[in-house]
Amino acid sequence: MAVRTVAILSPGDMGAGVGYALGQNEFDVITCLRGRSDRTRRLAGDAHFRDIPTLGLLVEQADLILSILVPSQAVSVAEQVAAAMRATGKHSVYADCNAISPQTTRQIESIITGAGGQYVDGGIIGGSPTRGAPPRFYVSGKHTDVVAELDGKGITVKPIGEEIGKGSGIKMCYAALTKGTSTLQIALLSAAESMNLTDELVAEFEFSQPAALKQMNSGISRLPPNAHRWIGEMEEIASTFEALGITPSFHQGAAEIYRLLSGTPYADETPETVDKDRPTNDTIRAVVDLVKSDMSAGEQAAD
Numbered sequence: 017m018a019v020r021t022v023a024i025l026s027p028g029d030m031g032a033g034v035g036y037a038l039g040q041n042e043f044d045v046i047t048c049l050r051g052r053s054d055r056t057r058r059l060a061g062d063a064h065f066r067d068i069p070t071l072g073l074l075v076e077q078a079d080l081i082l083s084i085l086v087p088s089q090a091v092s093v094a095e096q097v098a099a100a101m102r103a104t105g106k107h108s109v110y111a112d113c114n115a116i117s118p119q120t121t122r123q124i125e126s127i128i129t130g131a132g133g134q135y136v137d138g139g140i141i142g143g144s145p146t147r148g149a150p151p152r153f154y155v156s157g158k159h160t161d162v163v164a165e166l167d168g169k170g171i172t173v174k175p176i177g178e179e180i181g182k183g184s185g186i187k188m189c190y191a192a193l194t195k196g197t198s199t200l201q202i203a204l205l206s207a208a209e210s211m212n213l214t215d216e217l218v219a220e221f222e223f224s225q226p227a228a229l230k231q232m233n234s235g236i237s238r239l240p241p242n243a244h245r246w247i248g249e250m251e252e253i254a255s256t257f258e259a260l261g262i263t264p265s266f267h268q269g270a271a272e273i274y275r276l277l278s279g280t281p282y283a284d285e286t287p288e289t290v291d292k293d294r295p296t297n298d299t300i301r302a303v304v305d306l307v308k309s310d311m312s313a314g315e316q317a318a319d
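Quick note on numbering: this note's numbering labels position 83 of the sequence shown as 99, and the sequence is numbered without any gaps.
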């Protein structure tokens with residue numbers, strides 16, 4: 017089928033960037049902003065999305081629906097879209113591109129196909145197309161040819177077979193390393209700060225692990241605004257590993273680190289307002305302060 021109108025749910029940081037890139041390549045990009053935040057509305061406006069007043073009308077107009085959300089919303093949004101498909105009789109192609117486990121994507125496949133829709137399992141690797149190289153959309157399923165029409169139009173589409181679970185699975189494995197490593201770095205730096213060993217540890221890293229130290233200094237302070245989104249992503253990775261007989265404990269712990277990070281004052285920033293020049297140890301001290309506060313509260317409760 018020829019894809020002309022692409023619906024994106026929802027235009028957050030990645031979704032807005034993808035929508036802008038597709039719009040620049042002459043696709044009609046739509047969304048439904050009903051009930052969305054002021055930030056989401058601003059991002060959608062800046063990216064020139066066309067706002068459709070109801071989900072039913074969006075489903076009627078869309079040739080392809082891309083779900084690009086926080087993992088915790090993936091199932092509920094799919095259920096809403098499925099209800100709209102039933103109500104309208106329009107059975108669009110629905111590509112779930114969220115950071116979810118193969119188990120969750122199969123659940124969503126059942127929801128969408130049960131309403132008569134066609135399903136594509138996707139995983140996005142890379143940043144927003146507005147910030148450099150096009151992100152890679154790894155897709156699997158029987159209808160990947162529809163998503164492949166977007167290839168080279170601001171994104172790169174990589175079909176990897178018909179099996180549902182492969183598109184999401186590669187995202188789980190990739191993010192297990194990238195976002196998982198960040199939590200290990202935060203944990204060890206927080207431990208060093210708690211033991212008054214930061215200066216000594218950093219000096220050793222400067223001597224023996226300069227590349228790792230550079231990565232920490234360039235990345236950690238950018239994480240708090242996204243931490244709340246990545247709790248669920250780490251839980252999905254843990255679920256993926258557990259289903260394969262691999263310990264989920266690494267990424268259950270990673271989820272806890274992101275939960276801590278989301279409780280710091282810096283989590284109130286957005287990806288647009290984050291202080292990219294904030295010293296790494298300012299972020300680490302905020303985590304340590306929160307840990308100490310939680311420990312103190314726990315001790316008082318025990319008394």
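Ideal Cβ placement from N, Cα and C applies to all residues, glycine included.
Predicted, not measured: the structure shown is a model, and the values here were computed from it.
Met211 and Ala23 have their C-alpha atoms spaced approximately 51 Å apart. Between Ala227 and Asp293, the alpha-carbon positions lie close to 18 Å from each other. A Cβ-Cβ contact shorter than 8 Å links Pro241 with Val290. Burial check for Met311: the Cβ neighbour count within 10 Å stays below 16, so the residue is exposed. Per the C-alpha coordinates, the member of Gly235, Gly261, Ala271 and Ile262 positioned closest to Asp298 is Gly235. A straight-line Cα-Cα distance of about 11 Å links Ala94 and Leu85. Beta-bridge pairing by DSSP links Leu25 to Ser83. Secondary structure note for Ala207: it is in no beta strand (DSSP E), and the uninterrupted alpha helix (DSSP H) holding it is Lys182 to Ser210. In this structure, DSSP gives Arg275 a helical state, which the three-state scheme calls helix. By the neighbour-count definition (other C-beta atoms within 10 Å, threshold 16), Cys48 is a buried residue.
Around the beta-carbon of Cys189, fewer than 16 other beta-carbon atoms lie within 10 Å, marking it exposed.
Using a C-beta cut-off of 8 Å, the stretch 109 to 126 makes contact with the stretch 65 to 84, since at least three inter-stretch Cβ pairs fall below that distance. Per the DSSP secondary-structure output, Ala111 pairs in a beta bridge with Leu82 and Val136. Comparing alpha carbon positions, the residue from Gly185, Gly170, Arg55 and Glu125 closest to Glu258 is Gly185.
The C-alpha of Ile127 lies about 9 Å from the C-alpha of Val97.
The DSSP-derived three-state label of Ile176 is coil. The three-state secondary structure of Ser265, taken from DSSP, is helix.
Tyr154 has Gly139 and Lys174 as its beta-bridge partners, per DSSP. A direct Cα-to-Cα measurement between Glu178 and Ile171 gives close to 20 Å.
The criterion of a C-beta distance shorter than 8 Å is satisfied by Lys187 and Tyr154. In the same chain as Ala208, and ignoring 5 residues on each side of it, the C-beta atoms closer than 6 Å to its own belong to Thr214 and Leu217, in chain order.
Contact between Gly35 and Ala63 holds, with the beta-carbon distance rounding to 5 Å and staying under 8 Å.
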